[in-house]
Amino acid sequence: MTQIAVLAGDGIGQEITTQAARVLQAVAPDLTLVEAPVGGAAYDLHGHPLPQETLDLAQQSAAILFGAVGDWKYDNLPRELRPEQAILGLRKAMGLFANFRPAILYPQLAQASSLKPEIVSGLDILIIRELTGDIYFGQPRGVRVVEEGPFAGDKQGFDTMLYAETEIRRIAKVAFEAAQKRNKKLCSVDKANVLETSQLWRDIMIEVAKDYPDVELSHMYVDNAAMQLVRAPKAFDVIVTGNIFGDILSDEAAMLTGSIGMLPSASLNASNQGLYEPSHGSAPDIAGQNKANPLATILSAAMLLRYSLGREAQALQVEQAVATVLEQGLRTADIYSEGTQLVGTSEMGDAVLNALG
Ligand code: NAI
Ligand code: MG
1 MTQIAVLAGD GIGQEITTQA ARVLQAVAPD LTLVEAPVGG AAYDLHGHPL PQETLDLAQQ
61 SAAILFGAVG DWKYDNLPRE LRPEQAILGL RKAMGLFANF RPAILYPQLA QASSLKPEIV
121 SGLDILIIRE LTGDIYFGQP RGVRVVEEGP FAGDKQGFDT MLYAETEIRR IAKVAFEAAQ
181 KRNKKLCSVD KANVLETSQL WRDIMIEVAK DYPDVELSHM YVDNAAMQLV RAPKAFDVIV
241 TGNIFGDILS DEAAMLTGSI GMLPSASLNA SNQGLYEPSH GSAPDIAGQN KANPLATILS
301 AAMLLRYSLG REAQALQVEQ AVATVLEQGL RTADIYSEGT QLVGTSEMGD AVLNALG
């Protein structure tokens with residue numbers, strides 16, 4: 001029995017995961033989906049955004065289908081009880097170190113991007129961001145007083161960029177394997193001309209590449225990568241990079257598509273357990289109105305089938321169904337344009353189910 005934890009969360013979380021769970025169950029009837037509360041919803045019920053029972057369920061499952069967490073009404077809670085802590089807690093407890101952020105722009109939606117259609121139409125790239133190391137977590141960090149030099153006496157903030165060989169090697173392996181499943185092209189992004197951390201990163205990438213002779217590895221400095229993503233994003237296929245560069249580049253790539261309601265994501269650990277969620281948040285402004293676009297969550301379910309369960313055919317079946325409903329002209333409000341047909345969250349879910357074939 002393969003168990004999937006379904007954690008809907010807050011805001012539009014329930015509406016979008018309901019549709020994604022229907023689709024998942026339709027293509028893979030053998031899966032057992034088990035729901036549990038998370039985020040603000042869990043705080044309301046149990047006084048904690050990630051109750052032990054929810055964490056246990058997640059850890060015992062092959063993968064997690066996650067909606068979104070957060071709402072303004074929890075803004076005054078202490079940090080450790082805020083809804084977002086649930087995601088951090090799951091990442092930490094499950095060792096989810098590899099963040100997959102695809103940027104896909106279906107040709108039918110090319111006008112949603114602010115870039116020229118010939119630059120972005122049909123875009124399909126995957127950014128893999130290391131999620132647990134780098135300057136965000138390196139010690140020491142803090143604020144100190146400068147002792148000498150031109151800034152003596154000033155307060156000075158400092159952080160430390162760190163990457164251990166093992167951390168680089170494990171994200172490299174995940175990235176080469178993902179590239180093997182796609183077009184066998186991997187671009188490693190760093191700043192090796194300036195940073196020691198990046199030089200080690202590059203050395204290890206080159207070393208790991210020897211185990212994947214069928215994948216073509218290239219390297220790019222992060223400043224250049226930021227430019228090339230806007231100039232010619234389709235020249236990339238899979239990008240692998242560290243935590244801080246990946247944070248920025250993955251958001252940049254998301255914006256190339258102009259449709260936040262369409263972008264899935266995944267965070268994986270060494271045993272391919274993963275948390276699958278849309279890239280957007282809980283959208284409290286449209287919650288409970290049957291307006292949210294469920295496609296990012298449905299596409300996250302496709303990633304779940306591909307990366308945690310190794311079910312490529314079922315993943316493609318879901319992705320093809322999404323392409324079909326867009327081809328039919330169905331649109332939720334966030335991707336609506338003149339001449340297309342406006343539908344709600346549940347109608348979009350119905351249409352994807354019908355298109356599964
Ligand atoms: P957001 O992504 O929730 O919303 C930004 C805008 O996009 C809103 O106008 C919203 O209506 C729209 N939008 C988002 N998803 C949509 C969808 N599926 N269909 C149609 N429209 C959609 O980001 P925002 O407003 O900054 O944050 C709202 C809450 O979500 C906050 O509490 C924030 O902390 C939380 N959040 C949670 C995340 C997560 O659970 N991983 C990630 C980002 C934010
Ligand atoms: Mg970010």
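In terms of full-length UniProt numbering, the sequence shown opens at residue 1 and continues consecutively. Positions of the beta carbon are idealized from the N, C-alpha and C atoms, including for glycine.
Identity of the residues DSSP links to residue i by a beta bridge
i, result
"MET220", "VAL189"
"GLY70", "DSSP output for GLY70 lists no bridge partner at all."
"LYS155", "VAL145"
"GLN341", "LEU330"
"ILE127", "ARG101 and ILE239"
"THR2", "LEU31"
"ILE119", "Per DSSP, none; premise fails for ILE119."
"ALA63", "ILE4 and GLY274"
Beta-carbon spacing of residue i, residue j below 7 Å
i, j, result
"SER188", "VAL238", "no"
"ALA296", "MET262", "yes"
"ILE16", "GLY47", "no"
"GLY95", "ASN243", "no"
"LEU217", "LEU195", "no"
"SER346", "ASN272", "no"
"GLN85", "PRO49", "yes"
"ALA20", "ALA301", "yes"
"LEU65", "ALA36", "no"
"GLN112", "GLY258", "It is worth fixing the name first, because residue 112 is Ala in this sequence and not Gln. It is a contact, given that the beta carbons lie within the stated cut-off."
"ILE104", "ALA253", "no"
"ALA172", "MET220", "no"
"LEU330", "ALA351", "yes"
"LEU356", "ALA321", "yes"
"ALA266", "ILE12", "no"
"SER250", "ARG129", "yes"
"ILE125", "PHE236", "yes"
"ALA313", "ARG306", "no"
"ASP71", "ASP10", "yes"
"VAL215", "LYS184", "yes"
"ALA192", "ARG202", "yes"
"MET303", "TYR336", "no"
"LEU31", "THR2", "yes"
"ILE135", "MET161", "yes"
Inter-residue CB distance, residue i and residue j (contact presumed, cutoff 8 Å)
i, j, result
"ALA63", "GLY274", "5 Å"
"PRO102", "PRO213", "PRO102 to PRO213, Cβ: 25 Å. No contact."
"GLY133", "PRO83", "At roughly 25 Å, the Cβ-Cβ gap does not stay under 8 Å, so GLY133 and PRO83 are not in contact."
"GLN317", "VAL6", "Wrong, their Cβ atoms sit about 20 Å apart, outside the cutoff."
"LYS155", "VAL174", "Not really, about 39 Å apart at Cβ, beyond 8 Å."
"SER198", "ASP190", "4 Å"
"ALA98", "LEU55", "Incorrect: roughly 20 Å between the Cβ atoms, too far for contact."
"THR332", "ASN293", "4 Å"
Reference residue i; option with closest CA among the options
i, options, result
"MET255", "GLN108, ALA235 and HIS280", "HIS280"
"ASP223", "ILE248, GLN199, PRO213 and ASP211", "ILE248"
"SER61", "ARG91, LEU195, VAL34 and LEU45", "VAL34"
"LEU115", "VAL230, LYS92 and GLN180", "VAL230"
"GLN139", "ILE125, ASP159 and LEU131", "ASP159"
"LYS234", "LEU123, ALA98 and ALA8", "LEU123"
"residue 391", "TYR163, ALA323 and LEU77", "Here the chain covers residues 1 to 357 and nothing more, so residue 391 does not appear."
"residue 360", "ALA110, ILE135 and PHE100", "Any question about residue 360 goes unanswered here, given that the chain covers just 1 to 357."
"GLU319", "LEU353, GLN59, VAL145 and SER308", "LEU353"
"ARG91", "TYR163, GLN59 and ASP334", "GLN59"
"TYR163", "ALA110, GLU80 and PHE137", "PHE137"
Practice prompt. Starting from the N-terminal side, write out each stretch of the beta strand (DSSP E) that is 3 residues or longer and does not extend beyond the region 245 to 316.
Written response: 264 to 268 and 274 to 278
Discussion item. Runs of 3 residues minimum, wholly inside the region 77 to 116: which ones carry the beta strand (DSSP E) assignment?
Written reply: 98 to 104
Worksheet item: Fully enclosed by the region 7 to 39, which alpha helix (DSSP H) runs are 4 residues long or longer?
Response: 13 to 27
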